[in-house]
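In our numbering, the protein residues as written are 1 to 200. Cβ atoms here follow ideal geometry from the backbone N, Cα and C, with glycine treated the same way. Note that this is a predicted model, so its numbers are computed, not measured.
See below:
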């Protein structure tokens with residue numbers, strides 16, 4: 001089997017002026033609109049159609065809102081879908097999300113052709129203003145349906161414990177995906193006690 005040709009795609013990604021699906025908490029709108037969604041050096045996208053799926057990795061453009069990606073093309077590049085932040089082939093309902101102050105990496109998707117692609121459909125971002133005296137080791141956001149069945153779990157783990165203040169709120173922005181049928185969410189907070197994760 002001969003190796004597939006390596007091609008370069010151009011892609012753009014920009015934060016919409018108005019966050020979709022879930023609005024920012026009152027008083028946070030101006031900060032949300034001021035977010036910068038920029039490509040990072042290790043960012044990856046998936047391009048796929050009804051029969052194939054390939055992963056592409058950023059080649060140049062880190063720190064900008066446009067970038068080039070290298071990867072193996074689909075057999076038909078006339079039109080395809082793009083997924084960012086998740087593998088469209090995966091049936092998993094467990095996701096890991098990053099903690100980045102001032103920026104965030106949303107779940108998103110879009111479409112493309114041989115000329116390039118655009119990503120326009122951003123998932124929601126949940127804003128959590130946190131006060132307290134604990135040092136958090138992780139946060140979970142669980143989407144629930146009407147029967148309170150978990151539809152998806154998003155976990156943010158802190159390499160260095162996130163130390164809260166009882167005086168000033170620490171703001172955490174939490175990207176999730178839109179899930180058809182989700183009506184509410186549960187938010188779980190954890191800290192380490194004797195090296196074990198304990199929900200608080």
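What number of angstroms, rounded off, separates the C-alpha of residue i from the C-alpha of residue j?
i           : j           : result
residue 78  : residue 70  : 17 Å
residue 179 : residue 118 : 22 Å
residue 112 : residue 120 : 11 Å
residue 114 : residue 47  : 12 Å
residue 123 : residue 51  : 25 Å
residue 58  : residue 188 : 33 Å
residue 116 : residue 82  : 11 Å
residue 146 : residue 60  : 44 Å
residue 125 : residue 177 : 9 Å
residue 171 : residue 90  : 30 Å
Would you check if the distance between the CB atom of residue i and the CB atom of residue j is smaller than 8 Å?
i           : j           : result
residue 84  : residue 109 : yes
residue 95  : residue 158 : no
residue 38  : residue 76  : no
residue 56  : residue 86  : no
residue 129 : residue 169 : yes
residue 62  : residue 44  : no
Could you tell me whether any Cβ in chain D is nearer than 8 Å to the Cβ of residue i?
i           : result
residue 187 : You won't find chain D in this structure, because it holds only one protein chain.
Who are the Cβ neighbours of residue i in its own chain at under 6 Å, not counting the five residues just before and after it?
i           : result
residue 97  : 154, 156 and 175
residue 88  : 46 and 48
residue 195 : none
Return the residue from the list the options that minimises the CA-CA distance to residue i.
i           : options               : result
residue 162 : 136, 168, 142 and 183 : 136
residue 152 : 172, 173, 181 and 159 : 181
residue 173 : 127, 91 and 189       : 127
residue 165 : 105, 132, 147 and 187 : 132
residue 183 : 171, 167 and 148      : 148
residue 92  : 150, 194, 169 and 171 : 150
residue 160 : 138, 177 and 40       : 138
Give me, in chain order, the residues of the same chain whose beta-carbon lies closer than 7 Å to that of residue i; leave out the 5 immediate sequence neighbours on both sides.
i           : result
residue 185 : 141, 142, 143 and 144
residue 134 : 164, 191 and 200
residue 105 : 85, 98 and 175
residue 74  : 47, 49, 52, 54 and 80
For residue i, collect the residues of the same chain with a Cβ closer than 8 Å to its Cβ; drop the 5 residues on either side in sequence, then sort them by chain order.
i           : result
residue 198 : 190, 191 and 192
residue 2   : Confidence in residue 2 is poor, its pLDDT being 46 and thus under 50, which makes the residue's placement unreliable; the coordinate value appears in the next sentence. There are no such residues.
residue 42  : 57 and 58
residue 167 : 131
Say yes only if the C-beta of residue i is nearer than 7 Å to one or more non-hydrogen atoms of the ligand SAH, and no if none qualify.
i           : result
residue 129 : This structure does not include the ligand SAH; it has no bound ligands of any sort.
Item to check | Contiguous beta strand (DSSP E) assignments of at least 3 residues, all confined to the region 119 to 177 | outcome: Listed in chain order, they are 125 to 130, 135 to 144, 150 to 163 and 170 to 175.
Item to check | Uninterrupted alpha helix (DSSP H) stretches inside the region 55 to 112 (no shorter than 4 residues) | outcome: none
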